[in-house]
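A.B. asks: FYI, my numbering numbers position 160 of the sequence shown as 158, with every residue one higher than the one before it. After the structure tokens below, expect a handful of questions from me.
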Amino acid sequence: MKLGVNIDHVATLRQVRGNVRYPDPLTAAAIVENAGADQITIHLREDRRHIQEHDLRTLRKTVSIPLNLELAADNKIVDIAAEVKPDVCTFVPEKRQELTTEGGLNVVKYFNKLRTYIKFLKEHSIAVSMFIDPETEQVDASKEIGAHAVELHTGKYCELFKDKNGGNELTRLKKSAIRADELGLHVAAGHGLNYDNTSMVVKEIPQIVEYNIGHAIIARAVFVGLLQAVTEMKQLLIGERASGLVSASERGMGGRSEV
Ligand code: PXP
């Protein structure tokens, strides 16, 4: 079970002050790695609202666990990726106005454009993953297009978790994960996952072997430190809750009560 930690929001905190260098995503990556995470995930957005190109380039040199770069299907970003060579490139849809990535990539609709990019990145020895909604046709298209992995968008599941226990989204995620696994794709999931809603997905869908989690971990780190926040999530994923963590009934909104 792999945990990829998305450290974009460390950069968000830096960027809101514009002229400072802290908190440094490089320091965050070192702590995340030390805490036992399996991957560093970053999103180099077109508007550079958090991670900057120099972050990507330095992280490439300093991180020793796999580096997963989320990117839009855009010539400039794909060229940067081919040059810097993260271990994995995950294609995501990107709109300037959105707060965070909303919805998965439509691989069916943009098949030809995406295929060109995937071929190009594979020629540069970079594995490619597609961030898609949990829909069978998107999984099938991802296989056909030559991706090595899919990352299933858990956003809707997370939205429905509180009131409806995930509604039918868990079923949709499961169906897509089984399909992807049958097709030989590496199956990841992410978006909106936190210390409350992740367990059910882990328990119910063994085909998902990688989770990319950002906001909840960085938010918890504000109170307990990054090392502990990552360690706790990793322990949660591997089903070994550490002693001393608060019980489910004591948890606050979107994460554990503070220790
Ligand atoms: N995976 C992908 C593809 C994403 O775009 C994001 C958000 O940047 C995440 C995972 C992490 O989402 P969150 O910050 O909600 O955990």
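Glycine included, every Cβ here is placed at the ideal spot set by N, Cα and C. Quantities reported herein were computed from a predicted structural model and do not represent experimental measurements.
Got a sec, what are the start and stop residues for the alpha helix (DSSP H) residue 226 sits in?
C.D. replies: First-last of the alpha helix (DSSP H) with residue 226: 224 to 235.
A.B. asks: Report all residues for which the CB-ligand distance to some heavy atom of the ligand PXP is below 6 Å; order them along the chain.
C.D. replies: Selection output, chain order preserved: 4, 6, 41, 68, 88, 90, 98, 99, 129, 149, 188, 189, 190, 191, 210, 211, 212, 213 and 214.
A.B. asks: In three-state terms, what does DSSP make of residue 40?
C.D. replies: Correct three-state label for residue 40: strand.
A.B. asks: By DSSP, does residue 93 sit in helix, in strand, or in coil?
C.D. replies: Residue 93 falls in the coil class under three-state DSSP.
A.B. asks: Any heavy atom of the ligand ZN within a distance shorter than 8 Å of the CB on residue 140?
C.D. replies: Ligands displayed in this structure: the ligand PXP; the ligand ZN is not among them.
A.B. asks: State the start and end residues of the unbroken alpha helix (DSSP H) segment that holds residue 52.
C.D. replies: Looking at the DSSP string, the run of the alpha helix (DSSP H) that includes residue 52 is 51 to 60.
A.B. asks: Within the same chain, show all residues whose beta-carbon is closer than 8 Å to that of residue 62, passing over the 5 residues directly before and after it, in chain order.
C.D. replies: Result list for residue 62: 31, in chain order.
A.B. asks: As a quick exercise: from 117, 136, 208 and 79, pick the residue whose alpha carbon is nearest that of residue 36.
C.D. replies: Closest option to residue 36, Cα to Cα, is 208.
A.B. asks: Anyone know if the C-beta pair for residue 109 and residue 142 falls short of 9 Å?
C.D. replies: Yes, the pair counts as a contact, with Cβ atoms nearer than the cut-off.
A.B. asks: Which of the three DSSP states, helix, strand or coil, is assigned to residue 0?
C.D. replies: DSSP places residue 0 in strand when its eight states are reduced to three.
A.B. asks: Quick check on this structure: which residue in 214, 140, 147 and 223 has the alpha carbon closest to the alpha carbon of residue 21?
C.D. replies: The residue with the shortest Cα to Cα distance from residue 21 is 223.
A.B. asks: Here's the rule I'm using: 16 or more other beta-carbon atoms within 10 Å means buried, otherwise exposed. How should residue 257 be labelled?
C.D. replies: With a pLDDT of 40 at residue 257, under the threshold of 50, the modelled position of this residue cannot be trusted; read the value that follows with caution. Exposed, by the Cβ-count rule.
A.B. asks: Check whether the stretch 104 to 118 and the stretch 155 to 165 are in contact - that is, three or more C-beta pairs closer than 8 Å.
C.D. replies: Counting Cβ pairs under 8 Å, fewer than three are found: no touch.
A.B. asks: Is the beta carbon of residue 1 less than 9 Å from the beta carbon of residue 231?
C.D. replies: The answer is yes: Cβ separation under 9 Å.
A.B. asks: Does the stretch 192 to 208 come close enough to the stretch 144 to 164 to have 3 or more Cβ pairs within less than 8 Å?
C.D. replies: Because the criterion of three Cβ pairs below 8 Å is met, the stretch 192 to 208 and the stretch 144 to 164 touch.
A.B. asks: Could you pull the DSSP bridge partners for residue 129 from this structure?
C.D. replies: Answer by DSSP bridge pairing, in chain order: 149.
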